[in-house]
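*Asks:* Residues in the sequence shown are numbered from 1 upward in steps of one, following this note's numbering.
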Amino acid sequence: MAEEEAAPSPDGETGGHGAGGRHALLLTLVLPLLIAGAGLLTGHFWTMEAQAGGGLYGHLTAGLLAVGLYGSAGGVGRPESRGDVYRIVVAITFGVGVKAAFIAGVLWLAFRGEPEYLVLAVAMAQIDPLSVSAMLESRDMSPRAKSLLAAWASFDDPVTTVLVVILGSMVLTDAGSISSGATSYAQTLAGNAVLLVVAAGLWLVVRQPRARRDEPVGPRRAAVQIAVLVALLAVATWQFLMLGLAVSALFFRPPLGRWLGRATNAALWVATFLLGMLLAEGADFSVGVVLGVATFVAQGVVGAVVTLGFPARDRHSLCLSQQNGITAIILALLLEPALPEAVAVIAPAILVVNLLHLTSNAVLARVRLGRERLARVTDVLITVRDTEQDRASGGTGREPPTPSVHR
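1. Around the C-beta of Val-343, are 16 or more other C-beta atoms found within 10 angstroms, so that it is buried, or is it exposed?
2. Assess, as a yes-or-no matter, whether the stretch 278–295 is touched by the stretch 353–366 under the definition of 3 or more beta carbon pairs within less than 8 Å.
3. So what does DSSP say about Val-217, is it helix, strand or coil?
4. Have a look at Pro-32 and Thr-272 and give me their C-alpha separation to the nearest angstrom.
5. Go ahead and label His-44 buried or exposed: buried means 16 or more other beta carbons lie within 10 angstroms of its beta carbon, across all protein chains shown.
6. Taking contact to mean 3 or more Cβ pairs, one atom from each stretch, closer than 8 Å, check whether the stretch 207–227 and the stretch 251–262 are in contact.
7. How far does the alpha helix (DSSP H) with Leu-275 in it reach, from first residue to last?
8. Between the Cα of Ile-429 and the Cα atoms of Leu-40, Lys-146, Ser-133, Ala-280, which residue gives the shortest distance?
9. Between the Cα of Gly-261 and those of Ala-236, His-59, Thr-47, Gly-74, spot the shortest distance and give me the residue it belongs to.
10. Okay, do the stretch 116–124 and the stretch 301–317 touch, 3+ Cβ pairs below 8 Å being the bar?
11. So what's Ala-182 in DSSP terms, helix, strand or just coil?
12. With a 10 Å radius around its C-beta and 16 neighbouring C-beta atoms as the bar for buried, classify Glu-215 as buried or exposed.
13. Give a yes or no on whether the C-beta atoms belonging to Leu-195 and Ser-154 are separated by under 8 Å.
14. Is Leu-374 buried or exposed, if buried means 16 or more other CB atoms sit within 10 Å of its CB?
15. Taking only the alpha-carbon atoms, compute the straight-line gap between Leu-250 and Ile-166 and give it to the nearest angstrom.
16. Pro-209 by DSSP, collapsed to three states: which one?
17. Determine contact between the stretch 333–342 and the stretch 124–141, defined as no fewer than three beta-carbon pairs at a distance below 8 Å.
18. Return the residue from the list Ile-330, Val-363, Val-380, Ala-365 that minimises the CA-CA distance to His-59.
19. To which residues of the same chain is Ala-110 closer than 6 Å at the C-beta, ignoring the five residues directly before and after it?
20. At the level of alpha carbons, what is the spacing between Val-162 and Met-48?
21. Can you give me the C-alpha to C-alpha distance between Ala-182 and Arg-313, rounded to a whole angstrom?
22. Please state whether DSSP places Glu-388 in a helix, a strand or coil.
23. Which two residues bound the contiguous alpha helix (DSSP H) that contains Ala-328?
24. Just tell me which of Arg-385, Gly-325, Glu-388 has its CA closest to the CA of Ala-134.
25. Taking just the CA atoms, how far does Ser-286 sit from Gly-370?
26. Taking the alpha helix (DSSP H) that Asp-156 falls in, what are its first and last residues?
27. Quick check: the Cα distance between Ala-190 and Val-197, rounded to an integer number of angstroms?
28. Reducing DSSP to helix, strand and coil, say where Thr-237 ends up.
29. Excluding sequence positions up to five away, which residues of its chain have a Cβ less than 7 Å from the Cβ of Ala-267?
30. How many whole angstroms separate the CB atoms of Ala-347 and Gly-288, which I take to be in contact at a CB cut-off of 8 Å?
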């Protein structure tokens, strides 16, 4: 469906851009703060214990992560340019590793003797897909850059989750709750592969027949597809098979419509409320601020490499695109039983990252607007000068003839 063109505002920006910016501000900062604040107040009256070894807390946080990962990967379309597929692969593999190493290096220099902070660095080394989808319409980027950022933000979440499980099992002394019962990374990897194969086989059975591919999915078939998806989510939550679930979301797509976004947002709000409850124990702003600043700078470093060959406007926007949200929040909840300071550090880090994102992009938008206005004024002055020259040369409106050269 074609969208109506937004009317320009007096400052030169479109009304749609302003509305998109307000929506992004509401989603990434104001509403999460209100929900976390409600959780914080609740936490003062009702203490919630983050118990290790799975249980209700472990399966609840794993379920929230499963919904979040499926929602982010399930909404991704094909890249705008096939040549950008390798950029996406580099961003979600090499890029995530470089960002995590950069953040961990900064934390090590600032707080030596704390190897646990490496896990916190990995937990922050991804871009929040919900915040990205909320602000894409309001960002002054090319369709190619928007496609790259959307895919990057969606696919780096499962990679980050797997790295947190691996490093958590190596660094943390009590990492049993992180994987919710998975005894080793090898078993987890094999389980992810099995889940992916089973999901592919089930989709071949329940998907729309090829001859009727262009027709809407009937209510019975849709109900069967959704029931199978719920079963896959349950198994992924039970055995913490997040990578296989995220990859399955690339093809296993029942007609959920707006319910997919609503379920993902619901998982975000529940996770944010739980985060607020755990923050009743206190927050570590000193480490959190350093972690947040390092995360934002790391995105600039990796973004500058991934976007080589892009126009300067797109490169600037992608380098300032770091936002953290649902995945970082849920990973903090998952890490809390084994790393009690996880929530206390990651919560303020998320706030710092999102504040830096909003501030830097507001400054960038003002700089671009100033340049555009300067360019318009320059064009007017050049037009006036040319008009005056025309009048001085006889008012014919023509340029003076070029003198001929005689040999």
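The beta-carbon is built from N, C-alpha and C at its ideal position, and this holds for glycine as well. Since we're looking at a predicted model, the values are computed, not measured.
*Replies:* Here's the rundown:
1. buried
2. yes
3. coil
4. 7 Å
5. exposed
6. yes
7. 258–278
8. Residue coverage of the chain in this structure runs from 1 to 407, which leaves residue 429 outside it and unanswerable.
9. Gly-74
10. no
11. Any reading at Ala-182 needs caution, since the residue's pLDDT is 45, under 50, leaving its predicted position unreliable; the model's value is listed next. Correct three-state label for Ala-182: coil.
12. exposed
13. no
14. exposed
15. 24 Å
16. coil
17. no
18. Ile-330
19. Val-290
20. 26 Å
21. For Ala-182, the predicted model reports a pLDDT of 45, less than 50, meaning its position is unreliable and no value from the coordinates is stated.
22. helix
23. 326–335
24. Gly-325
25. 36 Å
26. 143–171
27. 11 Å
28. helix
29. Leu-64, Val-67, Gly-68, Ile-326
30. 7 Å
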